[in-house]
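Chains A, B, C and D supply the protein sequences, listed in that same order.
Sequential numbering of the first sequence, starting at 0, is according to numbering that gives the first Met the number 0.
Sequential numbering of the second sequence, starting at 0, is according to numbering that gives the first Met the number 0.
Sequential numbering of the third sequence, starting at 0, is according to numbering that gives the first Met the number 0.
Sequential numbering of the fourth sequence, starting at 0, is according to numbering that gives the first Met the number 0.
Only one structure is covered here, and it is reproduced in the block below.
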Amino acid sequence: MSGHERFLTLDPQHDTFPKLVRDNARAMPDRIAIREKDYGIWQAYTWRDYFDRGRRIALGLASLGFARGDKVAVVGDNRPELYWAVLATQCLGGVPVPLYQDASEKELAYVVDHAEARFAVVEDQEQVDKLLAIKAQCPRLEWIVYDDGRGLRAYSEPCLLSLAELEERGEKFAVGHPAVFEAELARGRAEDIAVICYTSGTTGMPKGAMLTHRNLLVMARVATEREGLRPDDEALAYLPMAWVGDHMISYAQAIATGFTINCPESAATVLHDLKEIGPTYFFAPPRIWENLLTTVMIRVEDAAWPKRRLVRFFLELAQDLERQRLAGQPVSSWRRLLAPLGGLLVYGPLRDNLGMRRIRLAYTAGEAIGPEIFVFFRALGINLKQLYGMTEASVFVSVQKDGDVRLDTVGTPMPLVDIKISEQGEVLFRSPGVFPGYYKNPEATAQTLDDGWIRSGDAGFLDAAGHLKIIDRARDVGRLAGGTLFAPKYLENKLKFSPYVKEAVTIGQDRPYVAALVNIDLGAVGNWAERRGIAYTSYTDLSQKPEVYDLIEQEVRRVNESLLEDEVLRGAQIRRFLILHKELDPDDEEITRTRKVRRGHIARKYAALIEALYGDRDRVQVEAQVTYEDGRTGTIRADVAVRDVPAAGAGR
Amino acid sequence: MTEASGPLLSVEDISVRFGALMALSRVSVEVHRREILAIIGPNGAGKTTLLNVVSGFYHPYEGRIRFEGRDRTSLKPPDVAELGIARTFQNVALFRGMSVLDNIMTGRLLKMGGHFLLDAVWYGPARRQELAHRAAVERIIDFLEIQAIRKTPAGRLPYGLQKRVELARALAAEPKLLLLDEPMAGMNVEEKEDMCRFILDVNSEFGTTIALIEHDMGVVMDISDRVVVLDYGRKIADGPPEQVRKDQAVLDAYLGVAHD
Amino acid sequence: MIYREAGQFKTTYAGDQAIFPILQDRVFVGLVALAAFVAVPLLANEYWLQAILIPFLIYALAAIGLNLLTGYAGLLSLGTGGFMAVGAYSAFKLATAFPWLNVILVFVLAGVCAAGVGLLFGIPSLRIKGFYLAVATLAAQFFLIWLFNKVGWFVNYAPSGTATAPPRTMLGVMVTGPQATAPVRYLVALGLVVLFALVAKNLVRGRIGRSWMAIRDRDIAAEIIGVRPLRTKLLAFAISSFYCGVAGAELLFLYLGSVETLAFDINLSFLILFMVIIGGLGSILGSFLGAAFIVLVPIFLTNVPNWIGLDMRTDTQKHLELMIFGGLIIFFLIVEPHGLARLWQITKEKLRLWPFPH
Amino acid sequence: MIEFLRSLVLPFADMVSSPTFFVEVLVGGIAAGLMYSLVALGFVLIFKASGVFNFAQGVMVLFAALTLVGLMERGMPVPVALALTVAVMIALAFAIERVVLRPLVNQEHIILFMATIGLNFFLEGLGEQLWGSNVKRLDIGIPDESFSVAGVLLNKLELSAALTAAVLVTVLAVFFQRTRIGRALRAVADDHEAALSIGIPLKTIWVIVWSVAGIVAIAAGVMWGAKSGVQFSLSLVALKALPVLILGGFESVPGAIVGGLIIGVGEKVAEVYWGPLVGGAIENWFAYVLALAFLLFRPQGLFGERIIERV
């Protein structure tokens, strides 16, 4: 382990990201740093371009009177220009604050104001409009710089500036101040704040986690070494820039390692662009893996039956083998012989079609992933590993090691990371990546940071082999009224393995039994319904079809069956469920933008439904508020059915 | 400079007849530089006929049409295109067998030249030209946000997208005057909003003069600088939207018996 | 299934617009070319070269020509045989009048002659469309055949009325005439068809092809974009006839050796049209597939009775062939009206998407 | 050069100087023209009702004639053989609708056109396989001899053929204009969906149309067969009907009649008077060139309406 200590000492000449970009631009000026699919082809930018554009933008910002420590809000899809803006900000000793591009005005206003951003660098008209709308509430916001000027020609606000104009100003500024850039760059220190990532959190207002260059750099290097990343790796930069995962991979690790990141053309083309690029390093929250699995299942379902049978056979075979392998059991030999055939017929082509043919390293992180989903992708031959991390720890806490992947753990701690379990069973850890605190929020900082240890809020334990096992959010794990242990997330993930279930919320704390609120997947169920000739008009209509209830009941029964295998949890079977008449939506604050369920909100909002789940009626009337895309609100009324499910294994 | 200051297009006293039917009688319309002009009127009022006359499909039996001050009454459609007039059609007229990209590329045919023997070889000027125009077309694809469908055959697209591709094709010609025949017909609210935004963006971004036919009064009032109202092949009103909305003749035409 | 495309991305428009953008396709095409240029001449026997491969290549060239006109520009023509005859007879006249002329140049000039005649007969296409135009092209067919039949000058007043390919060498190798060996003639035909297929592909994927397809798909929209119908259609007629002319010249010089006008009668027009439609309208590849289909089916039908040991009277066999051929065409049109090229494309898409359905 | 021009003009003098011969040529032309009309009518019927350009019409003529002769050769009396042939043609119509048209409904016209060429091959093979491919004489009891009226030599067979053709053409014209089915057919031709919506089953219409075309083919087959024997070349008559169609329009019954007459007469006159000038046998293409030249001035054909293209 001690080998990793060397990463703790940072050479002052190379201790911030701007300095490292400069190094890269010198050492490998013509290597590709960023590609962006734009105007139909992959436009490539070298490390020299990277540094040069960062410099130009920095000079532009400097010409506007940028001071060290100033915050720059960065809003938009993953675009090279925005990464350069992050770099430019750091060059001047400022702090970039990346924001979710789909944030509402309200959310945006809170963060921009709280972060005291003086500048905003945004992608296009959509973001400009939002920022202009909230400008009155954010008195410190002075300049809004946009990259794509389409539709903005008629805007006359003096605070607006295009990126091109900014760089032009920078050039002029550089003539009068030739040494400013180099000087500011050199003044950067490892302990400077490199970025503030606002975490939406499942409760309360967003908190701004500050991360220093040292935090990010040390962890990036440690992870690079342990996971064997190389300068010739390719990653897809498609996750929101505001998410620390993207910042770590597409910015910090890419710079520290020198690999190439690729920005997709638009949100609509991500899957297509993924296939074109065929990344070697891929990072996705469980949500994306679930969606991919759903897509695969739906499309296979549409195939003619011989092919469907064939594909299913080999997929099941691979999953069985993978499960045996993960459990360390001997793999039956004759089935192992079939695997190469499966590779030729199913796994290889499938990997290729998903754009994962070249993947050497893939992570799932952000939330627990359903074991079935996890096994599915590993069975295809993708080196998918669970990563346990937090924004506050510069992402990396523990990762499954290559060749030592287990289904039920999130792997062993990263080098330089210490983990301990509190008396209450909460996971605590400390590492060089641990943040100095939340921006302007000492109370929250104090709650989370305890003498250098971070309280994760997750319940878990280290097993005999040193693997970290997470049970659930510490405060979510509960017991039924009868005292049986009940882990909602665990059940929900099992439910979500079904392609037909998009989201699920299970309830059971101090209740006699477990009940579930289910969100169907409109694509998958719609497809299913069409094939059966079931007509429907809307999501609400489809969700309440008896046939759909039958379909979901099968899924619930499947989950219950699988619970029988677990001694501890077999008592917490789902006994009653209903299908929600609307999709859970971040705009209605039912889930976060990273798609974590907000249990509190849901419990309040759907109190009537939950009562029905524990009552004896089989129908219930509801009204729900919905927020439309333009911010208007409306009400949906519906008649929701409730259905009983018999306990599995009752006959035994 | 009189040319540059006069109207871009002036239709002077034109009449068109099909057999006994007077489709247009002595209609005069001016389209000014950089404006968005809406042409409205009940069905059969002669709106599309007017567009067809301007684009050279029909020729008026009386009256004149001037474009940038020059008479061009008797030109054929390709000549009209060369003047810098592009248009879209009421019932989307895309090239169904070609991809979206190729559809838009055809919009640049007038800007491409060279000998066919050079095209046959592909290398050299023909190839450079082809790639340069591809780059130009990609700007339009980006502008109209149709990246995801660039290689899809046009015939397979949903209606709303087809309309957008048709607009892209017209834009590819970099026209001075853009004629849009019911660009929003058959679209849902969201698609209409998008299309309005694109039309306004085209107007402000490229300075393109636009004359459009539209039924949705809300849209007309929102985006047009000026409105011309036709009824029974005659012009009954011409002015800013607010004024036209209050015009008695217009109200009568719209509230009166619908004549198809 | 075979395709592995992840990671094949394009950083230039040139790469994106390549004829074979996928690596696996390039490899496949390379292998086919290698086999066609090297393996076949070495391995194939006289019968295969003379009775199957050479006519296949020549018909494919004519089919490409007709496909440019009918598939891309949407102009139905039944005069292909006539235009091929123009090519054959002008090549004959050129080769005999100027014996020093390189035979490839003779082919090209014959194509130019055919292009001129095609241009002439294309003029009505401005005013008439669809089947009317098809019938109008029949006028070309009948008139041209009649002309070559009646005017002895075209066959140098040969009493037999036939034109015979004169022996000509190229690079010291006998290319035409009785002494030319089948592999040599095959290679010449192959080289020409590959060259001209490439030219055709370049034409159709660029400016000219797009104006043709625009006129084909929606003529009014094409006009308002600036496509001039007459010029565009005439160019299609000229280029198409050029291809047919070269193919006609090859038919005489590389395949038959000597021809009467009967060889270019209306049935040839239909045969080429079949190739285009069965192969796939608007597809260069389809022209090859269609030609292969039409060349192979009769050979197959002739041989099947032998293979299964059936002894049939020749006229019965002839009739059965006609019936099966006609039936096959109908069957094929019902099963895949868009031709073999579409079938190929679907298969390819299926392989690319496997294990997902198309 | 002068010689050539002289030979171009001279025939006109010939026409005036020997009017009886000219009338004979004219009558021959009209007789041939009516036959063309008959075949063209078959085309028009099918094209009008289904948009199918039936290239197999010519082979249907051959097939009908072969069937009739074949039955008669096997000793059947003429009326019975005729009735049976009619039955065969109707059966053929059913078969074609079921096997060819129905699976190809809604396909592009060119595909259907190609299918009829396939049908052409099939019927040719079938007909000759069933009835043999040697030339057969068809004797329908009208002698192939001439008589003279006012110095003009007329052929009995040709005359009666022309008469029959005229009658048939008239009957068909009336059928189309006056009867319920005829009107239904016109409705189908105008708009498939509209026709379906007023309750006309498309399938039935097609069977009827192809049956009628088959019967017309019998008539044409009998006439031509009686004159020049039943053999393969009969199917080539169909190609002659094509310029008639260009001239008259694909959808016009009167067009087919008038077009047929113009082509018949024009062709005969040209062949007789100018043919020798260029070495003869201009019948093969003259009709086409005539039709083509005509089209350049009137693209919509003789009876076609001027099309105003709606944009």
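By construction, the Cβ of each residue, glycine as well, lies at the ideal position given by its N, Cα and C atoms.
It should be emphasised that the depicted structure is a prediction, and the values quoted were computed from it without experimental measurement.
Taking all protein chains in view, the Cβ of residue 209 of chain A is crowded by 16 or more other Cβ atoms within 10 Å, so the residue is classified as buried.
For the segment 98–109 of chain B, the set of positions with a beta-carbon nearer than 7 Å to some beta-carbon of chain C reads 101, 104, 105, 106, 108, 109 in chain order.
Under DSSP, residue 633 of chain A forms a beta bridge with A/625. Residue contact with chain C for residue 56 of chain B: present (Cβ-Cβ distance below 8 Å to some residue of chain C). Taking C-beta separations shorter than 7 Å and ignoring five residues to either side along the sequence, the partners of residue 554 of chain A in its chain run 494, 497, 499, 500, following chain order. Using a 10 angstroms sphere on the CB of residue 279 of chain C, the tally of other CB atoms reaches 16 or more, which defines it as buried. Within chain B, the residues 93, 94, 95, 96, 97 have their CB atoms less than 8 Å from the CB of residue 216 of chain C, given in chain order.
A straight line joining the alpha-carbon of residue 376 of chain A with that of residue 355 of chain C spans about 16 Å. If you look at residue 457 of chain A, you'll find it in the beta strand (DSSP E) that goes 452–461. Cβ-Cβ distances below 7 Å link residue 100 of chain C to 93, 94 in the same chain, with the five nearest sequence neighbours on each side left out; the list follows chain order. Here residue 45 of chain A has 28, 29, 30, 31, 32 as same chain residues with Cβ atoms under 7 Å from its own Cβ, once five neighbours each way along the sequence are excluded. For residue 410 of chain A, no beta strand (DSSP E) encloses it, and the DSSP letter there is neither H nor E. The beta carbon of residue 81 of chain D lies closer than 6 Å to none in the same chain, with the five residues before and after it left out. Within the segment 480–516 of chain A, the complete alpha helix (DSSP H) segments at least 4 residues long are 487–495, listed from N- to C-terminus. Per DSSP, reduced to three states, the secondary structure at residue 19 of chain A is helical. Sequence-distant partners of residue 60 of chain B (beyond 5 residues in either direction) whose C-beta falls short of 8 Å from its own C-beta, in its chain, are 14, 15, 16.
In the DSSP annotation of this structure, the continuous segment of the alpha helix (DSSP H) that includes residue 164 of chain B starts and ends at 158–171. When secondary structure is reduced to three states using DSSP, residue 112 of chain C falls in the helix class.
For residue 130 of chain B, the neighbours in chain C by C-beta distance under 7 Å run, in chain order, 12, 13. A contact is defined here as three or more CB-CB pairs under 8 Å, and the segment 232–241 of chain C meets this definition with respect to the segment 105–123 of chain C.
Listed along chain D, no residue sits closer than 9 Å to residue 78 of chain C by beta-carbon distance, the nearest being about 10 Å off. Judged by DSSP in its simplified three-state form, residue 153 of chain A adopts coil rather than helix or strand. Your pair residue 642 of chain A and residue 548 of chain A checks out as a contact, with CB atoms roughly 5 Å apart and the cut at 8 Å. Taken in chain order, no unbroken stretch of beta strand (DSSP E) lies wholly in the segment 250–326 of chain C with a span of 3 residues or more. Cβ contact annotation for residue 66 of chain C (same chain, cutoff 6 Å, sequence separation greater than five): 275, 286, in chain order. At a cut-off of 8 Å, the C-beta of residue 354 of chain C has a neighbouring C-beta in chain A.
Distance check between residue 162 of chain A and each of A/196, A/122, A/132 places A/122 closest, using alpha-carbon atoms only. Within the same chain, Cβ atoms closer than 7 Å to the Cβ of residue 341 of chain A are found at 313, 316, 317, the five residues on either side in sequence being excluded. Counting along the chain, residue 261 of chain A sits inside the beta strand (DSSP E) bounded by residues 259–262. Pairwise C-beta distances place the segment 31–49 of chain D in contact with the segment 206–216 of chain D, as three or more of them are shorter than 8 Å. Going by DSSP, residue 14 of chain B is part of the beta strand (DSSP E) stretching over 8–17. By the beta-carbon neighbour count (other beta carbons within 10 angstroms, threshold 16), residue 311 of chain C is exposed. No Cβ of chain A is located within less than 8 Å of the beta carbon of residue 27 of chain C. As the crow flies, the alpha-carbon of residue 37 of chain A is around 47 Å from that of residue 638 of chain A.
In the DSSP assignment, residue 220 of chain B falls within the alpha helix (DSSP H) that extends over 216–222. Interface with chain B (8 Å Cβ-Cβ cutoff): residue 234 of chain C is included.
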